[in-house]
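Participant: Sharing a structure, written as structure tokens. Questions coming.
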Amino acid sequence: MPELPEVEVIRRGLAARLVGRRFLKVSASDKPLRQQSPLSFLQSRLAGNRLTAVKRKGKYLLFILEDGSTLLVHLGMTGRLMVGEPGALATLPHVHLRVSLDNGLELVFQDVRRFGRVLLFEPGVPIAPLAQVGRDPFSRAVTAAWLAGEARGRLRPLKNFLLDGRILAGLGNIYACEILFAAGLHPETPAGRLSLKDWERVLKETRRILAKAIRRGGTTVNDYLNSQGETGLFQFELMVYGRAGEPCRVCGTPIRRLVQAGRSTFFCPACQKLKRRGRQNITTKTPRH
Ligand SMILES: [Zn+2]
């Protein structure tokens, strides 16, 4: 599943190739995506409309059109957006939407599992799905103090806190594992037990790792490809993700795997400390004796 860096790499690739282009014709397969605006609506709003910007919020891509409409795209589990010559894309399987461009190229949405979302919002219509999206890790509104405030009093494991897209948008399983390793924090540490200094480290590592992954073109572990059909390279720099049983690259201790909220967590039991005590007050039920 693409996470923030992969979506950002796709955004940059699409922006470079599509901004200023006019959309012409839209066609769709007979199998709709999980959430998809009706084809007639897409066709009526997109045809002849020029793209002015491609933005991102969390893992959502926003195609901003010159009439003020927004085409909102979420890649879901296996969605891919690609731009190319219609001939080269004609035989691609699992293509659900095709949009022809005024320069003869085509933008296609390919999605094997069809969990993707393509929704068009007319000018002035609130983009409801974005209301659930938390703050972007690169936003200035994200500070160590804000994170500490969000985590205050929470016993929820730190890993699950990082994965909660309503707080920090766009972090998935791979990067959450890598960030916690880099910050030296055990994934089961209750989020409310971190000090402000810990949150400063978590935020610094979050931004460092995401920025590095974007520079490497993202991480390809399953089937992520950028808008030109290329894989990312960050998978060669993963410290813990997918490495259960292999030696820690820092201390040699075998990397362990545990399951948290149904997802695999990879961590080094020696490098990542479990903080049992914290300065912040945590409300817990006191056993009665
Ligand atoms: Zn280690």
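As numbered in my numbering, residues 26 to 314 make up the sequence shown, in order. Note that beta-carbon positions come from the ideal geometry of N, C-alpha and C, so glycine has one too. Treat the numbers as computed from the prediction; the structure is a model and nothing was measured.
1) Is any heavy atom of ligand 1 found at a distance shorter than 8 Å from the C-beta of T290?
2) Tell me whether the beta-carbon of L97 lies closer than 9 Å to the beta-carbon of G141.
3) Is C202 near ligand 1, judged by its Cβ being under 8 Å from some heavy atom?
4) Beta-carbon separation of E175 and I152 under 9 Å?
5) If you reduce the DSSP assignment to three classes, tell me which class I280 lands in.
6) Using CA atoms only, rank isn't needed, just tell me which of G257, L250, A113 is closest to A238.
7) Using only the heavy atoms of ligand 1, determine whether one of them is closer than 8 Å to the beta carbon of G257.
8) With a threshold of 8 Å on Cβ separation, who are the neighbours of A72 within its own chain once the five nearest residues in sequence on each side are excluded?
9) For chain C, check one thing: does any of its Cβ atoms lie closer than 9 Å to the Cβ of P212?
10) Among V227, C296, E255, whose alpha-carbon lies nearest the alpha-carbon of E31?
11) Secondary structure at T134, three-state DSSP: helix, strand or coil?
12) Opposite P215 in the DSSP bridges: which residues?
13) What does the Cβ neighbour count give for G251, buried or exposed, with the cut at 16 atoms within 10 Å?
14) Consider the C-beta atom of V275 and the heavy atoms of ligand 1; say whether any pair is separated by less than 8 Å.
15) So, with DSSP's three-state summary, where would you put S320?
16) On the DSSP letters alone, give me the boundaries of the alpha helix (DSSP H) that L67 sits inside.
17) Can you have a look at K84 and say buried or exposed, based on whether 16 or more other CB atoms are within 10 angstroms of its CB?
18) Straight-line CA distance for P312 to L39?
19) Under 8 Å Cβ to Cβ from G242, same chain only, skipping five residues before and after it: list those, please.
20) Keeping to the same chain, check which residues put their C-beta closer than 7 Å to that of K298; ignore five residues upstream and five downstream.
21) Looking only at C-alpha atoms, which of S94, R138, E110, D92 sits nearest to T103?
22) Less than 7 Å between C-beta atoms, sequence neighbours within five positions excluded: which residues of the same chain meet that for L130?
Facilitator: Taking the geometry as given:
1) Residue 290 sits at position 265 when you count from the first residue of the sequence shown. Answer for T290: no, Cβ out of range of ligand 1.
2) Position 72 of the sequence shown, counted from the first residue, corresponds to residue 97. Position 116 of the sequence shown, counted from the first residue, corresponds to residue 141. Contact annotation: L97 and G141 have beta-carbon atoms that are not nearer than 9 Å.
3) Position 177 of the sequence shown, counting from 1, holds the residue named residue 202. Relative to ligand 1, the beta carbon of C202 is positioned no closer than 8 Å to any heavy atom.
4) Counted from its first residue, the sequence shown places residue 175 at position 150. Counted from its first residue, the sequence shown places residue 152 at position 127. Taking 9 Å as the Cβ cut-off, E175 and I152 do not qualify as a contacting pair.
5) In the sequence shown, counting from the first residue as 1, residue 280 sits at position 255. If DSSP states are grouped into helix, strand and coil, I280 belongs with coil.
6) Along the sequence shown, read from residue 1 onward, the residue named residue 238 stands at position 213. Ranking the options by Cα distance to A238, first place goes to G257.
7) On the sequence shown, residue 257 is found 232 positions in, with the first residue counted as 1. No, the Cβ of G257 stays beyond 8 Å of every heavy atom of ligand 1.
8) Numbered from 1 along the sequence shown, position 47 holds the residue referred to as residue 72. Contacts found: F48, L49, K50, V51.
9) Looking for chain C here will not work: only one protein chain is present.
10) By one-based count along the sequence shown, residue 31 stands at place 6. Of V227, C296, E255, the residue nearest in Cα terms is E255.
11) Numbered from its first residue, the sequence shown carries residue 134 at position 109. It should be noted that the sequence gives Phe, not Thr, for residue 134. It is a strand residue.
12) To locate residue 215, count along the sequence shown from 1; it is residue 190. Residue pairing from DSSP places P215 in a beta bridge opposite P182.
13) Translated into the one-based positions of the sequence shown, residue 251 becomes position 226. Here residue 251 is Asn; the residue named in the question, Gly, does not match the sequence. By the Cβ neighbour-count rule, N251 is buried, with 16 or more other Cβ atoms within 10 Å of its own.
14) Taking the first residue of the sequence shown as 1, we reach residue 275 at position 250. Because some heavy atom of ligand 1 lies under 8 Å away, the Cβ of V275 counts as near it: yes.
15) Since the first residue of the chain shown is 26 and the last is 314, residue 320 is not available in this structure.
16) Taking the sequence shown and counting its residues from 1, one reaches residue 67 at position 42. Judged by DSSP secondary structure, L67 falls within the alpha helix (DSSP H) whose first and last residues are 64 to 71.
17) The residue you call residue 84 lines up with position 59 of the sequence shown. With 16 or more other Cβ atoms within 10 Å, it is buried.
18) As a first step, residue 312 must be located in the sequence shown, where it is residue number 287. As a first step, residue 39 must be located in the sequence shown, where it is residue number 14. In this prediction, P312 scores a pLDDT of 47, lower than 50, which makes its location untrustworthy; no coordinate-derived value is stated.
19) For the purposes of this step, residue 242 is taken as the residue at position 217 of the sequence shown. Shown here for G242: same chain residues with a beta carbon closer than 8 Å to its own, the five before and five after excluded, namely V34, N251, E255, T256, G257, L258, F259 in chain order.
20) As a working mapping, residue 298 is identified with position 273 in the sequence shown. For K298, where only same-chain residues beyond five positions count, the Cβ hits under 7 Å are G209, L210, H211.
21) Taking the first residue of the sequence shown as 1, we reach residue 103 at position 78. Closest option to T103, Cα to Cα, is R138.
22) Taking the sequence shown and counting its residues from 1, one reaches residue 130 at position 105. Within its own chain, the residues whose Cβ lies closer than 7 Å to the Cβ of L130, once the five positions on either side in sequence are excluded, are V108, G109, E110, listed in chain order.
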